[in-house]
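Asks: Mind having a look at this structure? Questions to follow.
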Amino acid sequence: MATTATAPAFAPTESYVGESGIWSWLTTVDHKRIGTLYLFTSIFFFLVGGIEAGMIRWQLAQPNMHFVTADTYNQLFTMHGTTMIFLGIMPLSAAFFNYIVPLQIGARDVAFPRLNAFSYWVFLLGGLFINASWFFGAAPNGGWFGYAPLTTMQYSPGLNIDFWVIGLQILGVSSLAASFNFITTIVNMRAPGMNLMRMPMFTWNVFVTQFLIMLAFPVITIALIFLQFDRFFGTQFYEMSAGADPLLWQHLFWIFGHPEVYILILPAFGLISEIVPTFSRKPIFGYPVMAYATMLIAFLGFGVWAHHMFAVGMGPVGDTVFGVTTMLIAIPTGVKIFNWIFTMWGGSIEFTASMKFAIGMICLFIIGGISGVMHSSPPADLQQTDTYFIVAHFHYVMFGGSMMGIFAGIYYYYPKMTGRLLNEALGTWHFWLTFIGMNLTFFPMHFSGLMGMPRRIYTYDANQGWSTFNLISSIGAAVLIVGTAVFVWNFFRSFKTGAVAGNDPWKAGTLEWSIPSPPPEYNFARIPRVTSRLPLWDVTSPRLNAEVPHTARGDRRMDVDAGSKHVGVSHHNPTGEPTQHGESGMHMEPATGKSAAELGIHMPNPTIKPLLCAVGLTWMFTGLLFIHKDKMSLAIALIISGAIFMTAALYAWVLTPLEDAH
Amino acid sequence: MTHAAALEGAQADPHGEHPATSTGLDNKKLAIWAFIGSECMLFASLISTYLIYKGRSVVGPYPHEACDPPTCAQHYNAILNIPVTSASTFVLLMSSLAMVLALAAVENADQPMPSGFGARLLRSSKLWLWMTAILGTTFLGFQAFEFTSFVHEGLTIRTNLFGSSFFTLTGFHGAHVTAGVIWLLTLLAIDYRRGLGPKDAINVDMAALYWHFVDVVWIAIFTLVYLIK
């Protein structure tokens, strides 16, 4: 376990300057508080999705079980997928985007703090909206992919799909608003000297992920709008008798859906790319190649969608093209895996809980990645599609990849967020329970799948030969539940009892570790000047940084006039001290306990308006539900009043300055 | 990002209203470009669907050809009225010109007023914002006329695939123009209340980029939906 010998330790309460109370959380525009809100909310939804998974595994533990009905089972697997993807992994990643990215690039907040708050509230209300369906006994039941025409009125009457289609529409607004915000933040708010090729690898992965969100979400927005119009207004987009194309939904959905897979995995790749170098005491191997591989994955990620559709009969040309692009995308992904392994090679590895999860993630992702390459061959895929083999594959990628990466990230960044370390012994228990439970649950699914067990069936017969594998899977799920319980216990216990972290408990090299834990509201009292990729190692461990380029190019591009614009000095320096510190241009900031006002740093005002705007948006969408309850006038009243409320809140927000005049 | 704090660190900024950022561009400008990038995918999805469904409708009316019994239940004319839509396209394109002049007027608001009637007209941000909003509203009027006449000729959003995809695509575009007109009217209200100056140029610039984007999308729609048979 890491010690805090190099950094002076401060009790967290002394360094955290900020208001408390419910109102301060409802009105916050601080990226760290919003990140914390994302973290708690998404852990909650992750547990809800886990309960759904537990019920699925209970139902399938033995043949001919009747724990739930077929209809409830449909709702469970649909909500499990929808919850884990849109309310679990994506917002867990967003928690890290919010908390860590501004710290990593040396900024005091994101580019649009109020828009950031809006994104969170829309996510929360969208998540509650879609889960509210349980209380009406009408949870979505069409699969997380919601294939039309199955989800049109004719085949799916009732509110189930209405909740799904409207809920996803609301959540899309949140993701898109956040993507504009983070693209702007990363392009425009980097500390002087941090050129693109000095950005931390996590920030690089977030940057690329935001482009995926920006370009992929509008496509599902349109697919959902067609479905909404079909369901509510009688259009014919998915009406086969009118000549509609039965593949239209599938194409639109997967043009979104496959980039979405990379939206889920790239942030975890980014976290691993921070954790592996830190605990190997080596700079990451092949930094530029890692950045280019991320971009290449994103680019190719838009050209592989139809590999989800080999079974629909697209013909040999379509199958071949998408088979080849799918094989190609394994190359940049493989490059990343090799670079992580080469980073560890020859390093002095410290097996913290975070590092164990990181190494576990690499192992499990390799398994999921290789079974992915197996389905890139259309003839092989035809044997595997819609079987438990596919379920095994994507759980190795999503749980073994994304979730293990996120757990690694939580152990790594928890001290930065709370000022205290998570308990390492409990973390190790959590790791081994999760690692064993995960393999026990999902590895047998490869076999049950190859033996012909289809996905989404609510029960099976004893003579089909799947009983043993299903029982093992269900035992594995129980182990996972125990592991997750250990994690939740550790997470809440360590708030009070964890060891005090200090600035830099892991002796890491990036900017977020140069400031106190938890950081003060303004993050950096003095904005650092960045002269290498691992600026903090220039101060704490220069020997490790010897082979990292320290070019002067970034420095010459600071503080200059380019065209008519002044470039580079983006921050005020309230202490008035010279910004250069020795040769490195970096410094470690002690916890002073001073507020922003005392230092003369202007921070944005808290405001309730983004929350009101999000309420108006959700209210407006909720109105649509009543159309199918034959309450047309109530629906119209809700939609119009919601729109007016949202617009009024939006005007009040936009016409109020971010900060007080000074 | 603390806007004003950044200003203090950036005395060298020639205008004094832009915070010095990593790129020298205003945050709002990057954000609106990101938004427009996203909108491209939105309209690309709508236009692709229209094109995929072109010629797949099993009942009339059709966009470019008339339809008579027994193929159709009754006689339908070709629906699209290209001369009228050419006129509305011209109106929308001219609104972009007015938008350019409005932005220029706002950017130069603190320059001394030139002599000469034409030169003074060009310096009126209110005139050109009004002009843009009115031309945009005229375009919407054309669209309302177009939609009602289509309904009278027997084409609604429920009639066939052409109706569904056509009304959804052009309706989405119309909704974007409507949002743009509301945005312009908001800028006008601010202009009347306290006057728009160079420090507001970024806000007008955002509206202008959005407006031009909506125009460019219409050029694609007009070409692909109306002109190509």
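Chain order of the listed sequences is A and B.
First residue of the first sequence: 48, per our numbering; consecutive thereafter.
First residue of the second sequence: 1107, per our numbering; consecutive thereafter.
C-beta: ideal position from N, C-alpha, C; glycine also.
The model shown is predicted, which means the values in this text are computed figures rather than measured ones.
For tryptophan 700 of chain A and isoleucine 574 of chain A, I'd like the C-alpha separation in whole angstroms.
Replies: Distance between the alpha carbons of tryptophan 700 of chain A and isoleucine 574 of chain A: 29 angstroms.
Asks: Report the residue from A:Pro138, A:Ile152, A:Val371, A:Ala291 whose alpha carbon sits nearest the alpha carbon of threonine 250 of chain A.
Replies: That would be A:Ile152, whose Cα lies nearest to the Cα of threonine 250 of chain A.
Asks: So is threonine 1254 of chain B buried or exposed if we call it buried at 16+ other beta carbons inside 10 Å?
Replies: It counts as exposed.
Asks: Hey, proline 314 of chain A and serine 140 of chain A: beta-carbon distance below 8 angstroms or not?
Replies: Result yes, Cβ atoms of proline 314 of chain A and serine 140 of chain A sit closer than 8 angstroms.
Asks: In chain A, what lies closer than 9 angstroms to valine 1212 of chain B by C-beta?
Replies: By Cβ distance, chain A contributes nothing, its closest Cβ being about 17 angstroms from valine 1212 of chain B, past 9 angstroms.
Asks: How close, in whole Å, do the beta carbons of serine 327 of chain A and glycine 394 of chain A come, if the pair is a contact with beta carbons under 8 angstroms?
Replies: Sure, about 3 angstroms apart at Cβ, within 8 angstroms.
Asks: From A:Met485, A:Gln283, A:Leu172, pick the residue whose C-alpha is nearest to that of leucine 215 of chain A; which is it?
Replies: Checked all of A:Met485, A:Gln283, A:Leu172; the closest Cα to leucine 215 of chain A is A:Leu172.
Asks: Could you pull out every residue in the same chain whose Cβ sits closer than 6 angstroms to the Cβ of leucine 299 of chain A, ignoring the five residues on either side in sequence?
Replies: Closer than 6 angstroms at the Cβ level, and outside the excluded window around leucine 299 of chain A, lie Val266, Ala270.
Asks: Tell me the DSSP bridge mates of arginine 467 of chain A?
Replies: Paired residue(s): A:Val547.
Asks: Spatial neighbours of leucine 697 of chain A within its chain, please: C-beta separation below 6 angstroms, excluding the five flanking residues on both sides.
Replies: Cβ within range, chain order: Cys660.
Asks: For asparagine 235 of chain A, which residues in chain B fall below 7 angstroms Cβ to Cβ?
Replies: Those within 7 angstroms of asparagine 235 of chain A in chain B are Thr1127, Ser1128, Thr1129, Leu1131, Asn1133, Leu1136.
Asks: What residue from A:Trp387, A:Trp392, A:Ala345, A:Phe389 has the CA that sits closest to threonine 372 of chain A's CA?
Replies: Checking every option, the nearest Cα to that of threonine 372 of chain A belongs to A:Ala345.
Asks: Using the Cβ count rule (16 or more neighbours within 10 Å means buried), how would you classify glycine 189 of chain A?
Replies: When all chains shown are included, glycine 189 of chain A counts as buried.
Asks: Output needed for leucine 1152 of chain B: all residues of its chain with C-beta closer than 7 angstroms, excluding positions within five of it in sequence on either side, in chain order.
Replies: The answer, listed in chain order, is Thr1274, Leu1275, Phe1278.
Asks: Does any C-beta atom of chain A lie closer than 8 angstroms to the C-beta of isoleucine 1274 of chain B?
Replies: One detail in the question is off: residue 1274 of chain B reads as threonine in this sequence, not isoleucine. By this cut-off, threonine 1274 of chain B is an interface position.
Asks: Just checking: is the beta-carbon of glutamate 1145 of chain B within a distance shorter than 8 angstroms of some beta-carbon in chain A?
Replies: True, the Cβ-Cβ gap to chain A drops below 8 angstroms.
Asks: By the DSSP assignment, the alpha helix (DSSP H) with threonine 1155 of chain B in it spans what residues?
Replies: Threonine 1155 of chain B -> alpha helix (DSSP H) spans 1133–1159.
Asks: So, are the CB atoms of isoleucine 312 of chain A and valine 351 of chain A less than 8 angstroms apart?
Replies: Contact flag unset, no.
Asks: Can you confirm whether leucine 1330 of chain B, when its beta carbon is compared against all beta carbons of chain A, has any partner nearer than 8 angstroms?
Replies: Not one chain A Cβ lies under 8 angstroms of leucine 1330 of chain B.
Asks: Three or more C-beta pairs under 8 angstroms: does that hold for the segment 157–172 of chain A against the segment 80–89 of chain A?
Replies: Contact between the segment 157–172 of chain A and the segment 80–89 of chain A is present, because at least three Cβ pairs lie under 8 angstroms.
Asks: Contact check, serine 561 of chain A vs methionine 650 of chain A under 8 angstroms by CB: the rounded distance?
Replies: Actually they are not in contact, since the Cβ atoms of serine 561 of chain A and methionine 650 of chain A sit about 20 angstroms apart, beyond 8 angstroms.
Asks: Pick out whichever of A:Cys410, A:Thr434, A:Pro462 has its Cα sitting closest to the Cα of methionine 485 of chain A.
Replies: Ranking the options by Cα distance to methionine 485 of chain A, first place goes to A:Cys410.
Asks: Quick one: which unbroken beta strand (DSSP E) runs of 3-plus residues sit fully inside the segment 100–159 of chain A? Chain order, please.
Replies: Listed in chain order, nothing qualifies, since the segment 100–159 of chain A has no complete beta strand (DSSP E) run of 3 or more residues.
Asks: Assign threonine 1244 of chain B to one of three DSSP states: helix, strand, or coil.
Replies: It is helical.
Asks: Assuming the contact rule is C-beta atoms closer than 8 angstroms, glutamate 1213 of chain B and alanine 1150 of chain B should be a hit. Round their C-beta distance to whole Å, please.
Replies: Incorrect: roughly 32 angstroms between the Cβ atoms, too far for contact.
Asks: Taking Cβ to Cβ, would you say alanine 263 of chain A is nearer than 8 angstroms to proline 306 of chain A?
Replies: For alanine 263 of chain A and proline 306 of chain A, yes; Cβs fall inside 8 angstroms.
Asks: What does leucine 295 of chain A touch in chain B if you count any residue whose Cβ is under 9 angstroms from its own?
Replies: Under the 9 angstroms cutoff, chain B gives Thr1155, Ile1158, Tyr1159.
Asks: Tell me where the alpha helix (DSSP H) around histidine 305 of chain A begins and ends.
Replies: 295–327 is the span of the alpha helix (DSSP H), which, as asked, contains histidine 305 of chain A.
Asks: What are the start and end residues of each continuous alpha helix (DSSP H) run of 4 or more residues lying completely inside the segment 1168–1202 of chain B, in chain order?
Replies: If we require 4 residues or more, the segment 1168–1202 of chain B turns out to have no alpha helix (DSSP H) run fully inside it.
Asks: Please list, in chain order, all residues of the same chain as phenylalanine 93 of chain A whose beta carbon is under 6 angstroms from its beta carbon, the five residues on each side excluded.
Replies: If we look at phenylalanine 93 of chain A and ignore the five residues flanking it on each side, its Cβ neighbours are Gly135.
Asks: Tell me proline 501 of chain A's beta-bridge partners as DSSP assigns them.
Replies: In the DSSP output, where bridge partners are listed per residue, proline 501 of chain A has A:Thr434.
Asks: Out of A:Leu274, A:Phe516, A:Met356, A:Gly128, which has the shortest C-alpha to C-alpha gap to alanine 195 of chain A?
Replies: Looking at the Cα atoms, A:Leu274 is the closest of the given residues.
Asks: Please list, in chain order, the residues of the segment 271–282 of chain A that have any C-beta partner in chain B closer than 9 angstroms.
Replies: So the close ones are Ile272, Phe273, Phe276, Asp277, Phe280, Gly281, Thr282.
Asks: Check the Cβ-Cβ distances between glycine 290 of chain A and every residue of chain B, and say whether any is below 8 angstroms.
Replies: Chain B, which has a Cβ nearer than 8 angstroms to the Cβ of glycine 290 of chain A, makes this yes.
Asks: Compare the C-alpha of isoleucine 213 of chain A against each of A:Gly640, A:Pro566, A:Thr665, A:Tyr202 and name the closest.
Replies: It is A:Thr665.
Asks: Please confirm whether tyrosine 1156 of chain B and phenylalanine 1272 of chain B have their CB atoms less than 8 angstroms apart.
Replies: Yes, they are a contact pair.
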